[in-house]
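See structure below.
Number of protein chains: 2
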Amino acid sequence: MDTGEDIATFLSTLLVVLREEAVLATPQEKPVVVFKQPDLLQKELNLTLDETCTEEELLLICRKVARYSVKTSHPYFLNQLYAGVDKYGLAGALFSEALNTNQYTYEVAPAFSLCEMEVIRKSLKLVGFTQGDGIFSPGGSLSNMYGIVLARYQKCPNVKKSGIAGMKPFVVFTSKDAHYSFTKGAHWLGIGTDNVKAIEADFNGRMIPEKIEEAIKMAIKEDKVPIMVNATAGTTVLGAFDKFNDIADICKKYGIWMHVDACWGGSLLFSKDYRYKLNGIERADSISWNPHKMLGAPLQCSMFLVKHTNLLKECNMAGATYLFQQDKMYDVKYDSGDKSLQCGRKVDAFKFWSMWKIRGSDQLSHMVDNAINCAKYFLEEIKKRHNFILLLEEFDTSNVCFWYIPERLIGLEKTKTWWDEVNQIAPNLKKKFVEESCLMIGYQPLAHRNLKNFFRLVVTCHPVRTKAHMDNIIQMFERHGKNL
Amino acid sequence: MDTGEDIATFLSTLLVVLREEAVLATPQEKPVVVFKQPDLLQKELNLTLDETCTEEELLLICRKVARYSVKTSHPYFLNQLYAGVDKYGLAGALFSEALNTNQYTYEVAPAFSLCEMEVIRKSLKLVGFTQGDGIFSPGGSLSNMYGIVLARYQKCPNVKKSGIAGMKPFVVFTSKDAHYSFTKGAHWLGIGTDNVKAIEADFNGRMIPEKIEEAIKMAIKEDKVPIMVNATAGTTVLGAFDKFNDIADICKKYGIWMHVDACWGGSLLFSKDYRYKLNGIERADSISWNPHKMLGAPLQCSMFLVKHTNLLKECNMAGATYLFQQDKMYDVKYDSGDKSLQCGRKVDAFKFWSMWKIRGSDQLSHMVDNAINCAKYFLEEIKKRHNFILLLEEFDTSNVCFWYIPERLIGLEKTKTWWDEVNQIAPNLKKKFVEESCLMIGYQPLAHRNLKNFFRLVVTCHPVRTKAHMDNIIQMFERHGKNL
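In the order they appear, the protein sequences are chains G and A. Using our numbering, the final residue of the first sequence is 1259, and nothing's skipped along the way. Using our numbering, the final residue of the second sequence is 1259, and nothing's skipped along the way.
This is the structure we're talking about:
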């Protein structure tokens, strides 16, 4: 049997590898990625489980895994809605991994149960809910599904026992720009993707309230049962914030559950300068929020918050007697597991608790504001340059969407052929950035607006970015793109 | 901005705390738990997020969190279907936490994507599937839900688009002894808990095949649509294995999807001595298996495996264009994300890959066999003692279920009053064990058999147990229970 000494020694060796391979905090002069095609990487890594290896060989493979992994802690990783980890968050993760337990009962997770309760208490307060409940879930898609399931249960509790067959169809309303988890969720939950009504958004990506109301009326006319309007705080591509107060008014008028998918934008709850964008969120019935996105809590760290105190338990409980015995030696209200869809549930609260405890809301506020301000600076700078076309001149979160136009296409008429050329630029430029190991930034189309292949720069709290980083990114575009 | 040096230093300090607090491998003479009631623990830990703290204070709180957390790596933690972590699994977890990325695309997780593919390839082979697919999911409940969703989709692909409303009710068949995730899953998926038919099990906890067939016929008669039979490999309480070949015959006869919930017992796939108990599992359509249970992969580590090659993708895909662009610089078949319900998906494959790579199937086999043999030894030993009553004289996995009878109740008639007394023993004795910090072992009722409060001892691979540990546990029962 390994001793604690043995294990600590091995983990320390790994820490050295992680430090040497610049994983923990990647300096900007190091590669953000060393790209290899899958078949070549496969050969390089020797991942086959048909042969075993020694501890030394394992360390060598780990070193290569680190080398060929994308460095999300690199300042020029701006590819997704997450990036590097918070130092204290990572510390919390190491701690809960080592203590390897499940979050379902106080019996097996006394300290972590109290941590989760405290994070949820404080988060409810931050939202502006005067009461409520919450649970950590394995990601935003699941958190959003918690919202749909609760909305449905509140409207029709019988669905738990009897199922949907034979009932009228349930309908969910969300933005055309909303995350695809509502579609996947509607499939899984037996609602059907046809019953997710995609509401038109305005030019800035905010759902048009009148269109929601029209859609609700239409659903009622079709003898369907509207159960939820989902408003988004920070849409995936444009970063737009829906108009929460307007949506809350509509939900109130029709007696419909209001959910806010704040997986991305929820971290603005901490912001001094931008908190106002979330005004009205406190009128929602439920909220999803992923501290693993902007704040840099280690993946996975997602929270579902609900305003109604007993509903989460009532809706989800199954009362498994092998786990939730009622004759325990402590007050069983500390057993959170029966509120959850999951049985075994990873400890995700502690890493976020660690960050929050040491940094406090003030420091988290500065970090969020800095991320958004860096994005704002980037936007203002590219506005000045004729090679950049902005999709939106303003934005709500820290997403900046734009096309890069090489010199040869400047000043020409924007015909279909011209756009066809422009739409090749993003994948080609991205390929160059990746091959040069200098920058990772995403691009995508937006089909319902008939837009193709524009870049989306996303700034998060970790690693801490500066204006200098933003300037450098612009230079990279010019250097690799101008003559493309 | 923190340097890699800073972060590594802080993590090293935490490793010292983890070692000093005997978290990484807890010697048997250390407490398995230092129990405090929730209100007292709350005071002790100072978890409030209303005040911040310094790095030193954070380390002090972490130390206390370690001290008051249950030591799952203690040889006398036999409370759940998981326990301590595998050293190499923990190393893999630290590594993937530090590299903080999502499993959805090769673009952001090149090495981890290949790892996941390799683990799934090798697992399919281990099961005996000659083709197939798979995905890591955040726990067994979700993995089982993948099974139900695929079964439903195969029977009625239209459910994805149209939902269940207006359709005939779908029905799922599973053992009375099955895990509660089928009930919770049926609620979420819109099937309804009433449409989970709980099939009677025999004395040893194995579903009675004739009863399944009766239930299927009944469902068809009621104009419902049978979609899945779930067989369990290792039931939660008794550890029973259903009769896979008999169930496969029935599923074939009626054209019904066969799923095997092997979350607990799936690790017997590695076993030399007990692999035969899984005979017939290769006839299933899909399987759930949690290496975080018996094998000691860090939580969460759960796999869903399916025999049909393209179904997982076809069923779950939403084709989000911001993530799964088709004009990437590599073959996009390496992007696994659209097979998943989740969008962001934690890297869970690498920790299991690390364990498997270094230990090889042979060493994992020895570890599984040792766990089961220790449980067998325990069973044989308590059989010899009149203070123990066994629920089953044989078992399939490493669950041993029994009552402990104090001396004063020996030889008396087993009346209702006698059983009422016995049913108090487990909670009282457990309380003593916990207060003495010496042993954590679960107890539970089994309502559908009208049984109350018997102990369930569970042996897992980590920490490695010996016959001496088993002897000591028996002595603890005698010491604390004989005169209760």
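We put the beta carbon where it would ideally sit given N, CA and C, even for glycine.
| said: Only counting the same chain, and skipping five residues up and downstream in sequence, which positions put a Cβ closer than 7 angstroms to that of H1161 of chain A? | reply: Looking up residue 1161 of chain A in the second sequence gives position 386. Within the same chain, H1161 of chain A has close Cβ partners I1185.
**OP:** Note down the Cα distance separating C828 of chain G from W1128 of chain A, rounded to an integer number of angstroms.
**Re:** On the first sequence, position 53 is the one that residue 828 of chain G refers to. On the second sequence, position 353 is the one that residue 1128 of chain A refers to. So the two alpha carbons sit approximately 12 angstroms from each other.
Burial state of N1228 of chain A (16 or more Cβ within 10 Å):
Within the second sequence, the letter at position 453 stands for residue 1228 of chain A. N1228 of chain A comes out buried.
- [ ] Taking only heavy atoms of the ligand NAP into account, decide whether any of them is closer than 7 angstroms to the Cβ of D1246 of chain G.
- [x] As far as ligands go, the structure on display features none, and thus does not contain the ligand NAP.
| Member of A:T847, A:S844, A:T778 whose CA lies at the smallest distance from the CA of K862 of chain G | Reading the first sequence from its first residue, position 87 is the one you call residue 862 of chain G. Here the closest residue by C-alpha is A:T778.
TODO: Check each candidate in A:L793, A:E826, A:Y851 and name the one with the smallest Cα separation from T1235 of chain A.
DONE: Indexing the second sequence from 1 puts residue 1235 of chain A at position 460. The shortest Cα separation from T1235 of chain A among A:L793, A:E826, A:Y851 belongs to A:Y851.
Buried or exposed for L1116 of chain A, going by 16 or more other Cβ atoms inside 10 Å?
Reading the second sequence from its first residue, position 341 is the one you call residue 1116 of chain A. The residue is buried, with at least 16 neighbouring Cβ atoms inside 10 Å.
**Request:** Return the chain-ordered list of same chain residues with a C-beta closer than 8 angstroms to the C-beta of I1025 of chain A, the five sequence neighbours on each side being excluded.
**Result:** To locate residue 1025 of chain A, count along the second sequence from 1; it is residue 250. Hits under 8 angstroms: P984, I987, E988, I991, V1004, I1031.
Q. Bridge partners of L1204 of chain G, per DSSP?
A. Taking the first sequence and counting its residues from 1, the one referred to as residue 1204 of chain G is at position 429. Bridge partners of L1204 of chain G: none, in fact.
Could you give the DSSP three-state label for I939 of chain G: helix, strand or coil? Taking the first residue of the first sequence as position 1, residue 939 of chain G is located at position 164. Three-state result, I939 of chain G: coil.
TODO: At 8 angstroms on the CB atoms, spell out the chain G contacts of V934 of chain A, in chain order.
DONE: The residue you call residue 934 of chain A lines up with position 159 of the second sequence. Those within 8 angstroms of V934 of chain A in chain G are H962, G965, G967.
Less than 8 angstroms between the beta carbons of S1077 of chain G and F911 of chain G, yes or no?
As a working note, residue 1077 of chain G is residue 302 in the first sequence. As a working note, residue 911 of chain G is residue 136 in the first sequence. Yes, they are a contact pair.
Distance check for K1159 of chain G and A961 of chain A, CA to CA, integer angstroms please. Counting from one through the second sequence, the residue named residue 961 of chain A turns up at place 186. Counting from one through the first sequence, the residue named residue 1159 of chain G turns up at place 384. About 56 angstroms.
| task | Report the option in A:L1086, A:K1132, A:R1134 whose CA atom is closest to the CA atom of K1264 of chain A. | result | Nothing about residue 1264 of chain A can be read from this structure; chain A reaches only from 776 to 1259.
Buried or exposed: which applies to L820 of chain G, given that a residue is buried once 16 or more other Cβ atoms fall within 10 Å of its Cβ? Within the first sequence, the letter at position 45 stands for residue 820 of chain G. By the neighbour-count rule (16 or more Cβ atoms within 10 Å), L820 of chain G is buried.
*How is Y928 of chain G classed by DSSP in three states: helix, strand or coil?*
Position 153 of the first sequence, counting from 1, holds the residue named residue 928 of chain G. Here Y928 of chain G sits in helix by DSSP.
The region 1040-1057 of chain A in contact with the region 994-1011 of chain A per 3-pair CB rule at 8 angstroms: yes
Tell me whether L925 of chain A is buried or exposed, calling it buried when 16 or more other Cβ atoms sit within 10 Å of its Cβ. As a working mapping, residue 925 of chain A is identified with position 150 in the second sequence. With 16 or more other Cβ atoms within 10 Å, it is buried.
*asked:* Starting from M1215 of chain G, trace the beta strand (DSSP E) in both directions and tell me its first and last residue.
replied: To locate residue 1215 of chain G, count along the first sequence from 1; it is residue 440. Run containing M1215 of chain G: 1215-1221, per the beta strand (DSSP E) assignment.
**Q.** the region 924-943 of chain G touching the region 960-975 of chain A, judged by at least three CB pairs closer than 8 angstroms
**A.** yes
Does any C-beta atom of chain A lie closer than 8 angstroms to the C-beta of M1104 of chain G? Residue mapping note: residue 1104 of chain G aligns to position 329 of the first sequence, counting from 1. At least one chain A Cβ lies under 8 angstroms of M1104 of chain G.
Can you pull out the residues from the region 971-1003 of chain A whose beta carbon lies closer than 7 angstroms to at least one beta carbon of chain G?
none
- Task: Measure from the alpha carbon of I836 of chain G to the alpha carbon of each residue in G:Y1179, G:V845, G:K818, then state which is nearest.
- Result: By 1-based counting over the first sequence, the position of residue 836 of chain G is 61. For I836 of chain G, the nearest C-alpha among the options comes from G:K818.
- So, are the CB atoms of N1174 of chain A and L1259 of chain A less than 8 angstroms apart? Working through the second sequence from its first residue, we reach residue 1174 of chain A at position 399. Working through the second sequence from its first residue, we reach residue 1259 of chain A at position 484. Cβ distance not < 8 angstroms, so N1174 of chain A and L1259 of chain A don't count as in contact.
*asked:* Spatial neighbours of W1178 of chain A within its chain, please: C-beta separation below 6 angstroms, excluding the five flanking residues on both sides.
replied: Taking the second sequence and counting its residues from 1, one reaches residue 1178 of chain A at position 403. I1164, V1197, F1229.
Is the separation between the beta-carbon of G1071 of chain G and that of H1237 of chain G shorter than 8 angstroms? Within the first sequence, the letter at position 296 stands for residue 1071 of chain G. Within the first sequence, the letter at position 462 stands for residue 1237 of chain G. Their beta carbons are under 8 angstroms apart, which means G1071 of chain G touches H1237 of chain G by this criterion.
Figure out for me which residue from A:F957, A:Q878, A:T1192 has the closest Cα to the Cα of D1110 of chain A. Along the second sequence, read from residue 1 onward, the residue named residue 1110 of chain A stands at position 335. Closest by alpha carbon: A:Q878.
Q) Which whole-angstrom value is the C-beta distance of D1144 of chain G and D1048 of chain G, which I expect to be below 8 angstroms? A) In the first sequence, residue 1144 of chain G corresponds to position 369, counting from 1. In the first sequence, residue 1048 of chain G corresponds to position 273, counting from 1. That pair is a contact at about 5 angstroms.
At which residues does the beta strand (DSSP E) containing T1007 of chain G begin and terminate? Along the first sequence, read from residue 1 onward, the residue named residue 1007 of chain G stands at position 232. Here the beta strand (DSSP E) through T1007 of chain G covers 1000-1007.
DSSP three-state call for K1121 of chain A: helix, strand or coil? As a first step, residue 1121 of chain A must be located in the second sequence, where it is residue number 346. If DSSP states are grouped into helix, strand and coil, K1121 of chain A belongs with coil.
Inset, instruction - Would you mind stating whether V947 of chain A and N970 of chain A have Cβ atoms separated by less than 8 angstroms? - result: Within the second sequence, numbered from 1, the residue matching residue 947 of chain A stands at position 172. Within the second sequence, numbered from 1, the residue matching residue 970 of chain A stands at position 195. Contact: yes.
| task | Report the neighbours of T1260 of chain A on chain G: residues whose CB is nearer than 9 angstroms to its CB, in chain order. | result | With chain A running from 776 to 1259 in the structure shown, residue 1260 of chain A is simply not present.
Q.
Counting only Cβ pairs nearer than 9 angstroms, list the residues of chain G close to L917 of chain A.
A. Sequence index remark: in the second sequence, residue 917 of chain A carries index 142 (1-based). Within chain G, the residues near L917 of chain A are P913, L917, L1116, Q1117.
Q. Which stretch, first to last residue, makes up the beta strand (DSSP E) that contains F1045 of chain A?
A. Locating residue 1045 of chain A in the second sequence gives position 270, counting from the first residue. That residue, F1045 of chain A, is in no beta strand (DSSP E); it is neither H nor E in DSSP.
**Request:** Would you list, in chain order, the members of the region 1181-1198 of chain A that have their beta-carbon closer than 8 angstroms to a beta-carbon of chain G?
**Result:** none
Coarse secondary structure for C1176 of chain A, derived from DSSP in three states:
Working through the second sequence from its first residue, we reach residue 1176 of chain A at position 401. It is a strand residue.
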